[in-house]
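Number of protein chains: 2
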Amino acid sequence: MLTVVKHSNDASCRTRASCPAFANAAAVTKEASARYSECAMGAICKRQDLRPPEFASSSSVVCVTRTVKGGATLYRAGDTFHSIYTICAGSFKTVVMHRDGVGQITGFQLAGETLGLDGVFAEQHSCDAIALEDSLVCIIPFDLLELLCREVKAMQHHVHRMMSGEIVRESGLMMLLGTMSAEQRVAAFLINLSQRLNARGYSAAEFNLRMTRDEIGSYLGIKLETVSRMLSKLQKEGLVDTRGKRIRILDLDSLTRL
Amino acid sequence: MLTVVKHSNDASCRTRASCPAFANAAAVTKEASARYSECAMGAICKRQDLRPPEFASSSSVVCVTRTVKGGATLYRAGDTFHSIYTICAGSFKTVVMHRDGVGQITGFQLAGETLGLDGVFAEQHSCDAIALEDSLVCIIPFDLLELLCREVKAMQHHVHRMMSGEIVRESGLMMLLGTMSAEQRVAAFLINLSQRLNARGYSAAEFNLRMTRDEIGSYLGIKLETVSRMLSKLQKEGLVDTRGKRIRILDLDSLTRL
DNA sequence: CGAGTCCTTGATAAACCTCAAGATATGTGG
DNA sequence: CCACATATCTTGAGGTTTATCAAGGACTCG
Numbered sequence: 001m002l003t004v005v006k007h008s009n010d011a012s013c014r015t016r017a018s019c020p021a022f023a024n025a026a027a028v029t030k031e032a033s034a035r036y037s038e039c040a041m042g043a044i045c046k047r048q049d050l051r052p053p054e055f056a057s058s059s060s061v062v063c064v065t066r067t068v069k070g071g072a073t074l075y076r077a078g079d080t081f082h083s084i085y086t087i088c089a090g091s092f093k094t095v096v097m098h099r100d101g102v103g104q105i106t107g108f109q110l111a112g113e114t115l116g117l118d119g120v121f122a123e124q125h126s127c128d129a130i131a132l133e134d135s136l137v138c139i140i141p142f143d144l145l146e147l148l149c150r151e152v153k154a155m156q157h158h159v160h161r162m163m164s165g166e167i168v169r170e171s172g173l174m175m176l177l178g179t180m181s182a183e184q185r186v187a188a189f190l191i192n193l194s195q196r197l198n199a200r201g202y203s204a205a206e207f208n209l210r211m212t213r214d215e216i217g218s219y220l221g222i223k224l225e226t227v228s229r230m231l232s233k234l235q236k237e238g239l240v241d242t243r244g245k246r247i248r249i250l251d252l253d254s255l256t257r258l
Numbered sequence: 001m002l003t004v005v006k007h008s009n010d011a012s013c014r015t016r017a018s019c020p021a022f023a024n025a026a027a028v029t030k031e032a033s034a035r036y037s038e039c040a041m042g043a044i045c046k047r048q049d050l051r052p053p054e055f056a057s058s059s060s061v062v063c064v065t066r067t068v069k070g071g072a073t074l075y076r077a078g079d080t081f082h083s084i085y086t087i088c089a090g091s092f093k094t095v096v097m098h099r100d101g102v103g104q105i106t107g108f109q110l111a112g113e114t115l116g117l118d119g120v121f122a123e124q125h126s127c128d129a130i131a132l133e134d135s136l137v138c139i140i141p142f143d144l145l146e147l148l149c150r151e152v153k154a155m156q157h158h159v160h161r162m163m164s165g166e167i168v169r170e171s172g173l174m175m176l177l178g179t180m181s182a183e184q185r186v187a188a189f190l191i192n193l194s195q196r197l198n199a200r201g202y203s204a205a206e207f208n209l210r211m212t213r214d215e216i217g218s219y220l221g222i223k224l225e226t227v228s229r230m231l232s233k234l235q236k237e238g239l240v241d242t243r244g245k246r247i248r249i250l251d252l253d254s255l256t257r258l
């Protein structure tokens, strides 16, 4: 089911080319982390000198990657927490389940972003992480990461910034859910996605959605029909051009002003 | 305006009696942290031996407390981030502002809970923290805390759990905002408050609200009139008894089942 | 005790949801 | 490559929930 693809140590972290999130924490600035195209654990791989003796024995699990097919789960709510993950390629959604099967998507994660920090609190994951397409993640054992954070100040601060960034992201989404109209929500969603894709080197104006209207609606706290209607409305107003999952942003300023 | 009340070091951390959040991180378990009645920085105060030399010079700022009058702000969005705060006494709300003054309350914090972790990400705070009543907080310089976390594994893990806990709390609230009816939101709010007050030694069945209907509505993503109507509805159904800010929970099971 | 704030309740309006049907897109086996 | 099956998307009509506006009552604090 789940395949360990690479498993490098001697090979000097062969997965480095695809895992951005943790690269060179010392140089990571506010917006730059997403742009890195180095292995998430590059800093660990490269700093053999920093590792205390007990680190050596477990170093064989460092820089392990895992593929997740579209629709498959990376982890489920309730799973024991061991590791966090950085997305090397592909994209995910995180889903919080209520009782009776009604759930809510709490986030969409793109390449370079991190999954699983919710699990630190209770030592078990609090949501499901499901791949939107065939994806590849770096597995980062959290106890190893904590060990490294005690050794390397820059890595410690990087991890703290990641967690704090997730807190800030969620409170922004809470404001969206608590105060915005359906049209504003859809506009904000498109702008946010556009910015994140742009930071990864894609066009900010034109992109393909990896998620369905239903998933967007779950994320935005509205129904899929409403998402569709608002996209049609934005199209009529000349702000975007949508053809199914293909999105073109025509008037970013007006979209932002909504 | 803002008064530094105590400032202990030689006095062996005189504020210890009122600041719970960081007490003895090694012993902190899932639910227990709220129950501690020791100083948030007890662990720092007590571990002089662990401090590296550069720590000594700044040790005079450790265990500083600050009073905040009801309605006054502890910090504002945009303020440069230096410290986090644990509430020794009183309560706060955190408010995320949108443009044109429309804001959303993202949380209510009680004694023993922590404020300010949102500021780590961008090195400036992302929300306002406003006291709901006259309150007292412990000020914890974050660079000092990071230093301590590199020295003391248990403290590191405690801080990580705190941050992760905030992530989990927010994703639960997102689900509330995204999927629940007004009645369910109000019920969930009362249950949550009841549980947290109970964990602090207060009655789970009867308590006084520190916030207005307007603030509750902002937090729950509904209008104050709707909050009032839903409280009346729950009263008619015999689940709670409300008289202004005084709340009595009569049927917790039914309330939970909504 | 009086001014201001906060709370409750009613009537009406707006936003969004539900249900339904048809259209478009996607994937699969022949 | 086509035809079919399935999933996804769009649009309409009507219903439900919640917001808005308004007025009066209750509480709070100097």
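If you read the sequences in order, they're chains A and B. Residues in the first sequence are numbered from 1 upward in steps of one, following full-length UniProt numbering. Residues in the second sequence are numbered from 1 upward in steps of one, following full-length UniProt numbering. Note that CB positions come from ideal geometry on N, CA and C, so glycine has one too. Nothing here was measured: the structure is a model prediction, and the numbers come from that model.
query	result
Member of B:K69, B:F92, B:A129, B:R210 whose CA lies at the smallest distance from the CA of D79 (chain B)	B:A129
Interface residues of the region 166-178 of chain A facing chain B [CB-CB below 8 angstroms]	E166, I167, V168, E170, S171, G172, L173, M174, M175, L177, G178
First and last residue of the uninterrupted alpha helix (DSSP H) at Y219 (chain B)	213-220
Chain-ordered residues of the region 123-142 of chain B with a beta carbon less than 9 angstroms from chain A	E123, S126, C127, F142
Closest residue to E113 (chain B) among B:Q124, B:Q184, B:Y85 (Cα-Cα distance)	B:Y85
Neighbour-count burial assignment, Q156 (chain B), 16 or more Cβ in a 10 Å radius	buried
Minimum Cβ-Cβ distance from R243 (chain B) to chain A less than 8 angstroms	no
Proximity test, Cβ basis, 8 angstroms: T106 (chain A) and chain B	yes
Length of the line joining the Cα atoms of M163 (chain B) and Y75 (chain A)	20 angstroms
Where the alpha helix (DSSP H) containing F81 (chain A) begins and where it ends	Element bounds for F81 (chain A): n/a, residue is neither H nor E.
Cut-off 6 angstroms between Cβ atoms - residues of its own chain near R213 (chain B), not counting five sequence neighbours on either side	L224, V227, S228
Boundaries of the alpha helix (DSSP H) in which S254 (chain A) is found, first to last residue	252-257
Chain-order list of residues whose beta-carbon lies under 6 angstroms from that of C149 (chain A) (same chain, five-residue window excluded)	M155, Q156, V159
Same chain, Cβ closer than 6 angstroms to A26 (chain A), five either side skipped, listed in chain order	In this predicted model, A26 (chain A) has a pLDDT of only 40, less than 50, meaning its place in the structure is not dependable enough to derive any value.
Residue-chain proximity (K153 (chain A), chain B), Cβ-Cβ < 8 angstroms	yes
Inside the region 83-127 of chain B only - beta strand (DSSP E) runs reaching at least 3 residues	83-89, 91-97, 103-110
Contact under 8 angstroms by Cβ, S135 (chain A) with V64 (chain A)	no
CA-to-CA distance, D118 (chain A) to I247 (chain B), given in whole angstroms	32 angstroms
Exposed unless 16 or more other CB atoms sit within 10 angstroms - verdict on R161 (chain B)	buried
Pairwise C-alpha distance: A182 (chain A) and I222 (chain A)	7 angstroms
Test item: CB-CB of S194 (chain B) and A204 (chain B) under 8 angstroms	yes
C-beta contact flag for K245 (chain B) and L220 (chain B) at 8 angstroms	no
Cα-Cα separation between V102 (chain B) and E151 (chain B), rounded to whole angstroms	43 angstroms
Closest by C-alpha distance to L197 (chain A), when choosing among A:S91, A:D251, A:E166, A:M97	A:S91
Under 8 angstroms between C-beta atoms of V240 (chain A) and L190 (chain A)	yes
Members of the region 209-230 of chain A that neighbour chain B once the beta carbon cut-off is set at 9 angstroms	S218, Y219, L220, G221, I222
Classification of G71 (chain A) by the beta-carbon crowding that lies within 10 angstroms, buried from 16 upward	exposed
Three-way DSSP call (helix, strand, coil) for A129 (chain A) in this model	strand
Rounded separation between L115 (chain A) and Q109 (chain A) - CA only	8 angstroms
G238 (chain B), buried or exposed, once every other Cβ within 10 Å from all chains shown has been counted against 16	exposed
Cα-Cα separation, T256 (chain B) to A188 (chain B)	7 angstroms
Chain A contact residues for D118 (chain B), given Cβ-Cβ distances below 8 angstroms	S164, I167, V168, S171
Bridge-paired residues (DSSP) for F207 (chain A)	A:I247
Beta-carbon spacing of A89 (chain B), A111 (chain B) below 8 angstroms	yes
Outcome for R185 (chain A) when other beta-carbon atoms lying within 10 angstroms are tallied against a minimum of 16	buried
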